[in-house]
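Take a look at the structure set out below.
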């Protein structure tokens with residue numbers, strides 16, 4: 001484990017060196033004392049040691065700079081702290097965190113359950129025969145919400161895909177240029193339909209399709225695809241770039257098609 005996590009003096013030394021790096025070259029020992037929670041005299045003593053250890057160099061009155069050796073030491077300690085934090089969040093807390101799932105049948109607290117994603121939502125089924133399992137922390141009837149913890153395994157999931165339908169801007173025909181029946185057919189099998197832009201919203205309305213959202217269309221579609229749902233984004237040509245940027249950022253597979 002990192003020294004800064006095992007030794008209070010090392011931890012204080014680490015924090016003071018970080019404060020110097022953040023404030024250099026003009027360093028106020030009083031401000032550092034307030035930030036770290038020690039006395040100004042203690043900060044002065046720590047800085048003197050850091051200078052002696054060649055981690056900090058003094059450039060003049062109240063002027064200090066972290067040396068290359070000091071930066072290297074900070075990076076080593078910060079890396080060890082990050083590894084420990086990852087261990088806590090992933091290996092320790094990951095096994096004790098609680099989430100909610102939809103119960104597919106009657107479940108009692110303490111029952112082993114198999115986990116799956118259905119329509120983008122976590123579902124819990126009595127028994128532990130599946131590739132992903134957990135333990136119920138509450139009672140629930142079929143269709144109710146049940147708490148689950150002790151997650152093990154990996155949920156089988158085929159990521160969904162996103163179809164982006166580009167609607168012309170109003171100056172080029174807008175919703176009137178879109179075949180309403182064809183649009184309705186494309187949206188019929190989608191788990192999620194989103195819209196971006198007035199022309200897109202009107203085109204869906206003409207097709208008799210209700211959009212799940214008209215805001216953050218790309219982000220919502222990307223989240224749906226990550227949960228195994230196929231999504232359709234109907235977007236005005238002027239908004240397509242923002243939609244595809246969001247999909248790329250989320251590594252969601254997509255294709256752009258001309259709705260006209």
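Numbering (the numbering used here), first residue to last: 1 to 260. From the three backbone atoms N, C-alpha and C, an ideal C-beta is built for every residue, glycine too.
Residue i and residue j: beta carbons closer than 7 Å?
{"i": "residue 148", "j": "residue 101", "result": "yes"}
{"i": "residue 58", "j": "residue 51", "result": "yes"}
{"i": "residue 193", "j": "residue 217", "result": "no"}
{"i": "residue 35", "j": "residue 19", "result": "yes"}
{"i": "residue 99", "j": "residue 160", "result": "no"}
{"i": "residue 29", "j": "residue 44", "result": "yes"}
{"i": "residue 64", "j": "residue 27", "result": "yes"}
{"i": "residue 119", "j": "residue 142", "result": "no"}
{"i": "residue 146", "j": "residue 124", "result": "yes"}
{"i": "residue 136", "j": "residue 111", "result": "yes"}
Rounded to a whole number of angstroms, what is the C-alpha to C-alpha distance between residue i and residue j?
{"i": "residue 16", "j": "residue 152", "result": "41 Å"}
{"i": "residue 260", "j": "residue 197", "result": "15 Å"}
{"i": "residue 240", "j": "residue 195", "result": "10 Å"}
{"i": "residue 13", "j": "residue 33", "result": "12 Å"}
{"i": "residue 116", "j": "residue 83", "result": "30 Å"}
{"i": "residue 157", "j": "residue 80", "result": "34 Å"}
{"i": "residue 174", "j": "residue 242", "result": "18 Å"}
{"i": "residue 274", "j": "residue 191", "result": "A question about residue 274 goes unanswered here, because the residues of the chain that appear run from 1 up to 260."}
{"i": "residue 69", "j": "residue 47", "result": "15 Å"}
{"i": "residue 144", "j": "residue 138", "result": "11 Å"}
{"i": "residue 180", "j": "residue 204", "result": "8 Å"}
{"i": "residue 214", "j": "residue 31", "result": "48 Å"}
{"i": "residue 186", "j": "residue 228", "result": "18 Å"}
{"i": "residue 85", "j": "residue 172", "result": "54 Å"}
{"i": "residue 176", "j": "residue 202", "result": "9 Å"}
Determine the closest residue to residue i out of the options, with distance taken between C-alpha atoms.
{"i": "residue 258", "options": "205, 163, 245, 242", "result": "163"}
{"i": "residue 54", "options": "73, 44, 24", "result": "73"}
{"i": "residue 10", "options": "49, 23, 25", "result": "49"}
{"i": "residue 184", "options": "139, 169, 200", "result": "200"}
{"i": "residue 108", "options": "134, 170, 169, 21", "result": "134"}
{"i": "residue 251", "options": "112, 123, 230, 225", "result": "225"}
{"i": "residue 71", "options": "56, 202, 81, 26", "result": "56"}
{"i": "residue 167", "options": "206, 146, 123", "result": "206"}
{"i": "residue 209", "options": "229, 227, 233", "result": "233"}
{"i": "residue 78", "options": "181, 5, 31", "result": "5"}
{"i": "residue 122", "options": "112, 138, 103, 137", "result": "103"}
{"i": "residue 126", "options": "113, 155, 237", "result": "113"}
{"i": "residue 254", "options": "165, 187, 120, 237", "result": "165"}
{"i": "residue 235", "options": "227, 228, 244", "result": "244"}
{"i": "residue 21", "options": "7, 237, 75, 136", "result": "75"}
Confirm the yes/no value for this check: CB of residue i, any heavy atom of the ligand ATP, distance under 6 Å.
{"i": "residue 46", "result": "Here there are no bound small molecules, and the ligand ATP is not part of this structure."}
**Prompt:** Looking at C-beta atoms only, is the number of pairs between the stretch 124-137 and the stretch 221-231 that lie closer than 8 Å three or more?
**Reply:** Pairwise C-beta distances place the stretch 124-137 out of contact with the stretch 221-231, as fewer than three of them are shorter than 8 Å.
**Asked** In chain order, which beta strand (DSSP E) runs of at least 3 residues are fully inside the stretch 111-165?
**Response** For the stretch 111-165, the full-length beta strand (DSSP E) segments reaching 3 residues or more read 112-118, 121-126, 132-136, 145-153 along the chain.
**Message:** For a minimum of 4 consecutive residues, which ranges assigned as the alpha helix (DSSP H) are wholly contained in the stretch 31-60?
**Reply:** 40-52, all fully within the stretch 31-60.
**Item:** Every unbroken beta strand (DSSP E) inside the stretch 184-260 [3 residues or more]
**Value:** If we require 3 residues or more, the beta strand (DSSP E) runs fully inside the stretch 184-260 come out as 192-196, 231-236, 254-258.
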